[in-house]
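In our numbering, the protein residues as written are 715 to 781. Just so it is clear, CB atoms sit at the ideal spot from N, CA and C, and this is done for glycine as well. All figures in this text were calculated on a predicted structure; none of them were measured in a lab. Below: the structure, in structure tokens.
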């Protein structure tokens, strides 16, 4: 198939070395791990924010009623 299509042969000739290159794989893996950690932190902070707002609302209500 590629023998009849010189454009495909050139394309595969350029893509093959790029697909075999693994030098940047470690950096990509660390980037993905960091992205997952950030997503987990954001989800945890969103959950914690609701609890914190509720706590401060309760404190404010008790201070106002104590006056």
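_If I follow the unbroken alpha helix (DSSP H) through residue 781, where does it start and stop?_
Residue 781 -> no alpha helix (DSSP H), and no H or E assigned at all.
_Cα-Cα separation, residue 721 to residue 729_ = Rounded to whole angstroms, residue 721 and residue 729 show a C-alpha spacing of 12 Å.
*Alpha carbon to alpha carbon, how far is residue 768 from residue 753?*
23 Å
*By DSSP, does residue 718 sit in helix, in strand, or in coil?*
coil
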